[in-house]
Every structure is written in structure tokens, then in C-alpha cells.
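Peer 1:
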Amino acid sequence: KAGVTQTPRYLIKTRGQQVTLSCSPISGHRSVSWYQQTPGQGLQFLFEYFSETQRNKGNFPGRFSGRQFSNSRSEMNVSTLELGDSALYLCASSPEGGSVETQYFGPGTRLLVL
Amino acid sequence: DQQVKQNSPSLSVQEGRISILNCDYTNSMFDYFLWYKKYPAEGPTFLISISSIKDKNEDGRFTVFLNKSAKHLSLHIVPSQPGDSAVYFCAASAAGGYQKVTFGTGTKLQVIP
């Protein structure tokens with residue numbers, strides 16, 4: 001079974017631009033969560049989608065948004081990029097009824113904002 | 115406010131010896147704790163977990179200890195192997211928010227052959 005895939009793997013943007021990251025979950029998984037990893041903060045939960053609905057949300061500004069499609073693929077969008085948005089963005093999928101242990105992470109998208 | 119803290123950014127251990135990775139938390143609502151391992155260019159993978167009703171959980175070479183009164187947990191790896199070299203993240207979650215896991219900043223473990 002293929003793992004979680006994320007595209008693109010690397011991205012360079014400039015301040016003020018917007019960016020869209022994509023995540024394809026493991027086949028059959030309907031929950032997709034997004035995390036931001038920075039050296040000083042570790043992994044921080046952004047939001048979780050299940051069956052095209054946002055089910056949980058972390059403490060990030062409204063510039064961070066996401067959506068999930070009917071095939072469970074998810075996208076994350078960051079508008080008006082700031083230098084502090086430079087980070088590794090990880091998505092994780094889990095099966096319906098799964099627990100935190102059954103989150104499978106993708107390799108991440110490394111975003112650099114100049 | 116870092117609710118889950120891993121104060122040691124790195125740790126070096128000789129192969130065959132014990133590796134002890136530490137984690138402290140501040141939120142009393144946390145009732146489930148996890149450790150993840152992350153290799154470069156890969157996402158974190160779940161390693162071991164412990165519920166707050168326990169003080170120890172063992173899985174092969176990996177044991178997690180929880181001290182609720184001190185709000186402290188530790189991961190013991192015995193014996194350490196070179197393949198254990200990775201970044202280890204401590205994480206915690208509270209009841210009702212199973213997907214809202216709070217992670218620490220990670221400890222990079224190097225096992226020296």
C-alpha cells in the first residue's frame with residue numbers, strides 16, 4: 001500500500017505570495033491532518049479534515065486554510081506569506097475510527113519564504 | 115507556550131548502551147503520551163505510547179516511563195543500535211482531541227557504532 005505523498009517536496013516563495021500544498025493520504029484513509037514543523041516549536045497542529053469537513057483546528061491565523069476533496073486528498077493554502085512561515089509542513093492520514101497511533105505521516109513539504 | 119518540552123536537542127550514545135530521552139509537559143489535561151521517530155527526509159513514525167493510567171509501557175527494546183506527579187516521561191532504548199539514530203519527538207494529547215497532538219521540539223539521537 002502506498003504511503004502518504006506530499007507535493008511539492010520543496011518550495012521557495014517570497015513574502016506576500018500565497019502557496020498551496022497537496023497531500024494524498026493512504027488509500028482508504030479519510031482523515032488528513034496538517035502540521036507545521038519549525039526548529040524552535042516542534043510540530044504544531046494546524047487542522048484536521050475528515051470527509052471533506054474540518055473537524056479540528058489548531059491555533060494558527062486565518063491565513064492558513066485547507067480543504068479536502070471527495071477522494072480524501074487535501075490541500076493546504078497559506079496566503080500573504082511571512083518569513084516566519086518558513087517550515088516543514090507535514091500531513092498525516094489515518095483511517096476512520098483510528099487513533100493518534102494510527103496517523104501515518106508523509107515526508108513533508110519544505111517551504112522557504114524569502 | 116511550549117506545553118511539551120524536550121530540553122536536550124541532541125544525545126550521543128555508544129552502541130549497546132542505554133539511551134534515555136526525556137520529556138516534560140505542563141498541561142495537566144494531557145492523558146495520553148506518545149513517542150515518534152523521524153529519519154531525515156521522512157515523516158515521523160509512531161514508536162510507543164502510554165496512557166496516564168499507567169506508569170510504564172514496554173515494547174521490545176523500547177520502554178516509556180511516565181511520572182505524572184513530576185509531569186515527566188522518558189523513553190529508554192536498550193540496547194541502542196546504530197539504526198536507532200534519528201530525531202525522537204515526544205507528544206501528548208488530551209481526551210476528546212485525539213488528533214490535536216502536541217509535539218515537543220525533538221531530540222536527535224546518535225548511536226555510535
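Protein sequences, first through last, are from chains G and Y.
Take 1 as the starting number for the first sequence in our numbering and just add one per residue.
Take 115 as the starting number for the second sequence in our numbering and just add one per residue.
Glycine residues also receive a C-beta, built at the ideal position from the N, C-alpha and C atoms.
Just so it is clear, the structure is predicted and the values come from calculations on it, not from any experiment.
1) With a threshold of 16 other CB atoms inside 10 Å of the CB of D85/G, please say whether the residue is buried or exposed.
2) For Q44/G, I'd like the list of residues in its chain whose CB is within less than 7 Å of its CB, leaving aside the five on either flank, ordered along the chain.
3) By Cβ distance, which residues of its chain are closer than 7 Å to N56/G, with the 5 residues on each side in sequence left out?
4) Considering only the beta carbon of each residue, do N141/Y and S122/Y sit closer than 9 Å?
5) What are the complete beta strand (DSSP E) segments, minimum 3 residues, inside the segment 132-193 of chain Y?
6) May I ask you to report which of helix, strand or coil DSSP gives E48/G?
7) Against chain Y, does F64/G count as a neighbour if the rule is that its beta carbon must be under 9 Å from one of theirs?
8) Using a Cβ cut-off of 9 Å, pull out every chain G residue sitting near A155/Y, in sequence order please.
9) Which stretch, first to last residue, makes up the beta strand (DSSP E) that contains L114/G?
10) Could you tell me which chain G residues have their CB closer than 8 Å to the CB of Y146/Y, listed as they occur along the chain?
11) State the beta-bridge partners of K214/Y as determined by DSSP.
12) What are the residues that DSSP puts in a beta bridge with I12/G?
13) Could you check whether G108/G and L83/G sit closer than 9 Å to each other, using their CB atoms as the reference points?
14) Strictly under 9 Å for the Cβ-Cβ distance: is E48/G near chain Y by that measure?
15) Any beta-carbon of chain Y closer than 9 Å to the one on F45/G?
16) Under the rule that 16 or more other beta-carbon atoms within 10 Å means buried, what is K170/Y, buried or exposed?
Peer 2: Put simply:
1) buried
2) Y35, Q36 and G58
3) F47 and E48
4) no
5) 133-139, 144-152, 159-165, 170-173, 176-181 and 186-191
6) strand
7) no
8) R9, P107 and G108
9) That residue, L114/G, is in no beta strand (DSSP E); it is neither H nor E in DSSP.
10) V100
11) According to DSSP, which records beta bridges pairwise, K214/Y is partnered with nothing at all.
12) L112/G
13) no
14) yes
15) yes
16) exposed
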